[in-house]
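Residue numbers (my numbering): 6 to 530.
Inspection log for the structure reproduced underneath, given as structure tokens.
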Amino acid sequence: MNLCLQREEKDVITWFGRTKPEHPLADTEKVEELIARLPANDSAQALGEIAGWLELMNRADDLKVEYRFKNLDLLDAASRNHERALLLEYLATPRQKKTHEHRLWTGAYGFWRELGEGYHRCLRQYEKGAGGAAAKASLPIFIGRALRALRQQLRWALLRYETAETRVWSDLAILYQFAETKGFVDEAIAVYPGSSGSGTVKQELLKALMLSASATDSLPPVGQDIAARIVAHFSKLFVIAKEPDEGVTHWIDLAAPKAPVRLVKNPPSSPTVRYIGAGSGLRELEQLRAHIAYTRGLPEGLDLNGRLDDELVLALLKHLEQDWAGKTQARRFERRKVATRVTVVPGLKEIIEALEFANNDSLDFTHQQAAESWIVEDMSEGGYGAVIPSVAGDWVEVGSVIGVEGETFRDWRVGVVRRVTRNEQQQQRVGVQLLTQTGTLIKLRRPVGSGSKAAPGALQPAVLISSKPEVQQEIDVVVKKGMFAGEENIEMLLGDETYLLRQQDTVERGSDYDLVRLKVTRVFR
Numbered sequence: 006m007n008l009c010l011q012r013e014e015k016d017v018i019t020w021f022g023r024t025k026p027e028h029p030l031a032d033t034e035k036v037e038e039l040i041a042r043l044p045a046n047d048s049a050q051a052l053g054e055i056a057g058w059l060e061l062m063n064r065a066d067d068l069k070v071e072y073r074f075k076n077l078d079l080l081d082a083a084s085r086n087h088e089r090a091l092l093l094e095y096l097a098t099p100r101q102k103k104t105h106e107h108r109l110w111t112g113a114y115g116f117w118r119e120l121g122e123g124y125h126r127c128l129r130q131y132e133k134g135a136g137g138a139a140a141k142a143s144l145p146i147f148i149g150r151a152l153r154a155l156r157q158q159l160r161w162a163l164l165r166y167e168t169a170e171t172r173v174w175s176d177l178a179i180l181y182q183f184a185e186t187k188g189f190v191d192e193a194i195a196v197y198p199g200s201s202g203s204g205t206v207k208q209e210l211l212k213a214l215m216l217s218a219s220a221t222d223s224l225p226p227v228g229q230d231i232a233a234r235i236v237a238h239f240s241k242l243f244v245i246a247k248e249p250d251e252g253v254t255h256w257i258d259l260a261a262p263k264a265p266v267r268l269v270k271n272p273p274s275s276p277t278v279r280y281i282g283a284g285s286g287l288r289e290l291e292q293l294r295a296h297i298a299y300t301r302g303l304p305e306g307l308d309l310n311g312r313l314d315d316e317l318v319l320a321l322l323k324h325l326e327q328d329w330a331g332k333t334q335a336r337r338f339e340r341r342k343v344a345t346r347v348t349v350v351p352g353l354k355e356i357i358e359a360l361e362f363a364n365n366d367s368l369d370f371t372h373q374q375a376a377e378s379w380i381v382e383d384m385s386e387g388g389y390g391a392v393i394p395s396v397a398g399d400w401v402e403v404g405s406v407i408g409v410e411g412e413t414f415r416d417w418r419v420g421v422v423r424r425v426t427r428n429e430q431q432q433q434r435v436g437v438q439l440l441t442q443t444g445t446l447i448k449l450r451r452p453v454g455s456g457s458k459a460a461p462g463a464l465q466p467a468v469l470i471s472s473k474p475e476v477q478q479e480i481d482v483v484v485k486k487g488m489f490a491g492e493e494n495i496e497m498l499l500g501d502e503t504y505l506l507r508q509q510d511t512v513e514r515g516s517d518y519d520l521v522r523l524k525v526t527r528v529f530r
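Spelled out as structure tokens, the structure:
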């Protein structure tokens with residue numbers, strides 16, 4: 006335990022005195038006083054302090070189960086607003102700020118780990134004969150809350166594109182098997198007060214399993230958050246069965262816990278194998294996508310945390326439909342095994358600087374300070390599979406735009422990170438889709454007399470990812486996020502020629518860029 010926790014434990018012992026036989030945190034009034042001291046405007050610190058107190062309770066073997074649960078409930082309730090605020094802050098934090106990201110992530114993950122362990126301890130104490138009838142009546146709540154805390158640990162691991170700890174899968178299996186043995190997996194329980202806190206043990210397990218089965222490693226963090234909320238929304242419709250049934254797409258083995266496996270072939274025969282899937286949730290998901298596409302609004306009862314970017318949500322729903330249907334996306338191009346290195350620069354700003362450097366034949370190498378060396382394991386015409394050393398790639402997330410220069414080609418290519426996974430050694434494996442084999446530096450500006458308040462003629466760098474433009478053809482361009490928003494016409498300077506372009510569509514939005522589609526309407530030579 007760290008020094009901070011040691012000091013906190015000494016303070017608590019001093020506060021409560023040494024004469025009581027119970028652990029100091031058994032005193033509800035003192036727990037409430039400790040909660041009142043939580044910082045109101047620093048959710049990471051507040052969750053860290055709560056996690057510290059939870060750790061003290063988890064180390065106290067002599068704490069009676071009734072006191073443990075009562076004070077767990079107090080600390081759990083006190084964390085609610087802080088946990089929500091921290092998640093929102095995390096999703097809004099650029100991953101380039103690694104120190105801050107790490108503080109937020111460890112604060113949240115540490116809290117959920119200790120909270121889940123606390124509720125699991127309540128169950129263990131009951132199994133040893135503690136608590137009597139009162140503890141027996143609370144068993145479904147112990148398990149429901151422990152499962153929910155494990156799901157949150159899984160969720161935070163996925164937000165970092167990491168694999169969940171083996172302990173998470175093991176505890177999920179142990180808790181569900183216990184409830185299955187006792188016969189209350191389908192019993193309606195108030196996991197937490199309020200309508201949003203009701204459910205069943207089966208639902209709580211399936212929320213975690215179906216989130217894992219939804220291929221979140223190809224979703225940006227905000228997309229993952231929306232996916233988790235949609236999974237929770239449809240969890241009543243998900244299925245888990247001992248035999249293959251309609252609507253199942255994955256399987257797990259409660260005796261050998263790990264992430265759900267896609268049902269490509271029959272798993273080994275075992276009484277502990279369970280088949281899972283979206284069930285009728287797939288049909289409801291399809292109807293939800295149709296509803297949003299038609300109304301441009303959310304149905305009552307679906308909470309996406311205030312987010313309704315139509316295109317983002319519709320794309321996310323399409324992604325979930327494919328995974329819940331048990332389908333895998335076919336690759337457009339065959340991949341082949343290779344072993345080579347590529348130089349990668351992160352973000353549109355760095356790509357533009359690299360292209361300017363290449364065009365000018367400059368001897369100033371300062372633009373390469375952000376460059377990283379990645380190992381390519383497989384390659385196709387459409388992209389790469391690469392390994393990133395643990396000392397690099399802190400900025401990487403799904404949707405990041407990158408520039409790529411190889412040992413066998415000298416032109417800068419432009420790609421987008423589509424998939425990220427991290428293993429226990431913190432080594433990252435990344436799937437990159439190439440947008441173009443050659444990125445071309447161009448200049449854009451508002452046409453003179455466009456009516457815009459901005460001064461006409463102010464040139465803005467961008468990257469052309471299409472072939473040489475021709476009149477009446479469409480081209481794709483990567484531009485700075487929000488550039489020329491609302492402008493109908495744009496001028497493009499390429500070499501000695503000027504092109505008049507009309508905006509057609511925004512193909513994709515990233516954290517620092519927009520991929521826009523434009524139509525060439527005129528050329529001035």
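For every residue, glycine included, the Cβ atom is placed at its ideal position computed from N, Cα and C.
None of these values were measured; they are calculated from a predicted model.
{"Check": "Start and end of the beta strand (DSSP E) containing Gln465?", "Outcome": "Gln465 to Leu469"}
{"Check": "Taking the alpha-carbon positions, what's the Leu360 to Leu446 distance?", "Outcome": "6 Å"}
{"Check": "Closest to Phe489 by C-alpha separation, out of Arg522, Leu309 and Arg156, would be which residue?", "Outcome": "Arg522"}
{"Check": "Measure the C-alpha to C-alpha separation of Ser143 and Glu122 and round it to an integer number of angstroms.", "Outcome": "16 Å"}
{"Check": "Span of the beta strand (DSSP E) holding Phe529?", "Outcome": "Tyr518 to Phe529"}
{"Check": "Taking 8 Å as the cut-off, decide whether the C-beta atoms of Tyr166 and Val421 are in contact.", "Outcome": "no"}
{"Check": "Report the three-state DSSP secondary structure of Pro225 (helix, strand or coil).", "Outcome": "coil"}
{"Check": "Extract the residue ranges of the beta strand (DSSP E) inside the region 379-421, only unbroken runs of 3 or more that lie entirely within it.", "Outcome": "388-393 and 406-411"}
{"Check": "How would you label Arg346, buried or exposed, when you count the other beta carbons within 10 angstroms and need 16 or more for buried?", "Outcome": "exposed"}
{"Check": "Quick check for students: name the residue ranges of the beta strand (DSSP E) that lie wholly in the region 110-174, counting only runs of 3 or more.", "Outcome": "none"}
{"Check": "How big is the Cα-Cα spacing for Thr111 and Gln130?", "Outcome": "28 Å"}
{"Check": "Tell me the residue span of the beta strand (DSSP E) that contains Gln327.", "Outcome": "Per DSSP, Gln327 belongs to no beta strand (DSSP E); it is in the alpha helix (DSSP H), Asp315 to Trp329."}
{"Check": "Which whole-angstrom value is the C-beta distance of Phe116 and Ile55, which I expect to be below 8 Å?", "Outcome": "6 Å"}
{"Check": "Report yes if the C-beta distance between Ala375 and Pro351 is below 8 Å; otherwise report no.", "Outcome": "yes"}
{"Check": "So, does the region 220-232 touch the region 177-194, judging by three or more C-beta pairs under 8 Å?", "Outcome": "no"}
{"Check": "Just list the residues that DSSP pairs Pro351 with in beta bridges.", "Outcome": "Ile407"}
{"Check": "If you follow the alpha helix (DSSP H) that Ala246 is in, where does it begin and where does it stop?", "Outcome": "Per DSSP, Ala246 belongs to no alpha helix (DSSP H); it is in the beta strand (DSSP E), Val244 to Ala246."}
{"Check": "Given Ser471, which residues of its chain have a CB within under 6 Å of its CB, disregarding the five upstream and five downstream residues?", "Outcome": "Ile480 and Asp481"}
{"Check": "Leaving out five residues before and five after His125 in sequence, what residues of the same chain have Cβ atoms less than 6 Å from its Cβ?", "Outcome": "Ala151"}
{"Check": "Comparing alpha-carbon positions, which option in Pro44, Lys263, Ala82 and Gln465 lies nearest Gly199?", "Outcome": "Ala82"}
{"Check": "Compare the Cα-Cα distances from Leu321 to each of Lys69, Arg451, Val236 and Arg415 and report the closest residue.", "Outcome": "Val236"}
{"Check": "Please go through the region 227-279 and give each complete beta strand (DSSP E) segment of 3 or more residues, from N-terminal end onward.", "Outcome": "244-246 and 255-258"}
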